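Per my numbering, the sequence shown starts with residue 41, numbered consecutively.
Don't be surprised by glycine CBs; every beta carbon is placed ideally from N, CA and C.
All values derive from a computational prediction rather than experimental measurement.
First the structure, in the form of structure tokens, and then the observations on it.
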Amino acid sequence: MISNWSKVESVPKSYIFPPGERPDDNLIAPSCDHSIPIIDLQFLSSQRTELINQILKASQDYGFFQLINHGVSEDLTTDMMLVAEEFFALPMEDKAELYSDDQSKLCRMKMSIDYAKEKVHYWRENFQQPCYPLQDHINDWPTNPPRYREVAGKYVVEVRETLLLILDLICEGLGLEIGYMKELVSLEQLLILNHYPKCPDPTLVLGLPKHCDPHILTLLNQGQVPGLQVYKDQQWFSIPPISNAFVVNIGYIFEIISNGKLKSGVHRVVTNSEKARTTIANFIFPSLEDHIEPSKKLVDTTKTAPLFKNFVFKEFYISYLTDVREGKDPLQHYMVRD
Ligand code: OGA
Ligand code: NI
């Protein structure tokens with residue numbers, strides 16, 4: 041395991057992907073023609089229908105969009121990025137105290153994705169922490185940097201508002217009532233800080249593999265350093281960082297609940313040799329015990345048959361981790377076949 045990234049002069053063997061799985065020369069993938077839609081919430085009250093249509097189209101075509109004028113204060117977003125960067129800059133011994141390989145432990149520091157089980161490792165460290173309701177979790181969070189709990193606590197509360205608003209706008213677009221998701225499943229929230237150190241040879245490694253998120257909705261602050269790519273029409277496209285914007289993407293569970301009307305966005309992370317990259321992701325997901333199935337309101341047995349089976353989220357989450365590790369399609373076990 042790499043304990044001091046800044047001293048690494050060449051890529052260790054256990055981080056090199058076989059030819060065909062590497063980013064190779066696709067590090068700076070084209071972004072202009074296919075850059076994902078930018079949704080501006082500034083005029084939400086006067087342009088609600090139009091914005092809902094734009095969000096829905098982006099969620100169907102890409103499973104991704106960027107969000108500007110989203111209501112989360114710029115100062116808070118900047119502050120959150122600062123404490124996240126300070127956190128990763130802590131001495132390795134401090135971070136090691138928070139480290140765990142136990143998949144069932146929700147609040148922990150990790151390297152890569154599943155360091156103990158995977159064949160090749162990803163160029164990434166991360167810290168994940170449940171955050172809703174805040175008072176149930178905040179006492180498990182890091183105490184160093186000293187401002188961490190205060191800033192992250194405020195941040196997750198504001199970001200949740202935006203996530204719930206987007207959920208409602210999408211539900212409205214699908215013809216479901218406002219608050220529908222809240223009735224259907226519990227809306228848990230997870231905060232993940234990702235750190236992708238500078239890499240001596242980014243053509244050989246990945247920050248994260250090709251994947252879709254196993255949740256309902258993701259809201260990402262990707263900072264100013266590029267690295268996130270979306271897969272569309274058999275090609276990778278970079279998502280350019282936009283100042284004070286969030287990247288939003290649809291997860292598998294939303295695709296399933298919408299009975300395939302929304303598409304989960306396929307993405308990966310590449311690294312670079314110039315600058316470390318820190319990102320802050322917030323995920324909304326069901327509780328492990330929640331039953332998931334295509335919404336009864338979107339399934340009409342005579343016209344639109346359900347495309348997915350009923351399952352318990354925990355079962356999905358476990359098979360997802362294995363499938364991503366083995367490069368298989370996590371939806372394969374849950375599709376209804378004729
Ligand atoms: C993730 C993810 C993207 C990024 O955490 O699932 O895709 O740019 N992150 O860090
Ligand atoms: Ni992701």
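{"Item": "If you scan the segment 152-224 from start to end, which runs of the alpha helix (DSSP H) of 4 or more residues do you find wholly inside it?", "Value": "174-177, 188-213, 220-224"}
{"Item": "Whose C-alpha, out of His161, Leu96, Pro77, Ile76, is nearest the C-alpha of Arg62?", "Value": "His161"}
{"Item": "In this structure, how does DSSP classify Ala321 when only helix, strand and coil are distinguished?", "Value": "strand"}
{"Item": "With distance defined between alpha-carbon atoms, name the residue in Ile206, Phe325, Gly267, Asn350 nearest to His331.", "Value": "Asn350"}
{"Item": "Please name the residue in Trp276, Gln274, Gln262 whose C-alpha comes closest to that of Asn284.", "Value": "Gln262"}
{"Item": "Find the nearest neighbour of Thr311 within the set Tyr357, Val364, Glu165, judged by alpha-carbon distance.", "Value": "Glu165"}
{"Item": "Okay, do the segment 134-151 and the segment 107-119 touch, 3+ Cβ pairs below 8 Å being the bar?", "Value": "no"}
{"Item": "How far does the alpha helix (DSSP H) with Phe356 in it extend, from its first residue to its last?", "Value": "353-366"}
{"Item": "Compare the beta carbon distance of Leu230 and Pro170 with 8 Å and say whether it is the shorter of the two.", "Value": "yes"}
{"Item": "Going by the DSSP bridge assignment, what does Trp387 pair with across the sheet?", "Value": "Residue 387 falls outside the range modelled here, since the chain spans only 41 to 378, and no answer is possible."}
{"Item": "To the nearest whole angstrom, what separates the beta carbons of Leu107 and Leu91, a pair I think is in contact under 8 Å?", "Value": "In fact, because the Cβ distance is near 10 Å, the residues do not count as touching under 8 Å."}
{"Item": "DSSP three-state label for Met41, please.", "Value": "coil"}
{"Item": "For Val191, collect the residues of the same chain with a Cβ closer than 6 Å to its Cβ; drop the 5 residues on either side in sequence, then sort them by chain order.", "Value": "Asp119, Met120, Val123"}
{"Item": "Out of curiosity, what's the CA-to-CA distance linking Ser298 and Ile290?", "Value": "11 Å"}
{"Item": "Taking all protein chains shown into account, decide if Val376 is buried (16 or more other Cβ within 10 angstroms of its Cβ) or exposed.", "Value": "exposed"}
{"Item": "If we require 4 or more residues per run, which alpha helix (DSSP H) segments fall completely within the segment 239-318?", "Value": "292-297"}
{"Item": "With contact counted as at least three CB pairs below 8 Å, one residue from each stretch, are the segment 315-334 and the segment 227-245 in contact?", "Value": "yes"}
{"Item": "With respect to 7 Å, is the separation between the Cβ of His251 and the closest non-hydrogen atom of the ligand NI below this value?", "Value": "yes"}
{"Item": "Are there 16 or more other CB atoms within 10 angstroms of the CB of Asp142, so buried, or fewer, so exposed?", "Value": "exposed"}
{"Item": "Can you tell me where the alpha helix (DSSP H) holding Asp119 begins and where it ends?", "Value": "114-128"}
{"Item": "Contact criterion: CB-CB distance below 8 Å. Does Ser54 meet it with respect to chain D?", "Value": "Looking for chain D here will not work: only one protein chain is present."}
{"Item": "In terms of DSSP beta bridges, what is Lys150 paired with?", "Value": "Asn166"}
{"Item": "Consider the C-beta atom of Asn184 and the heavy atoms of the ligand OGA; say whether any pair is separated by less than 7 Å.", "Value": "no"}
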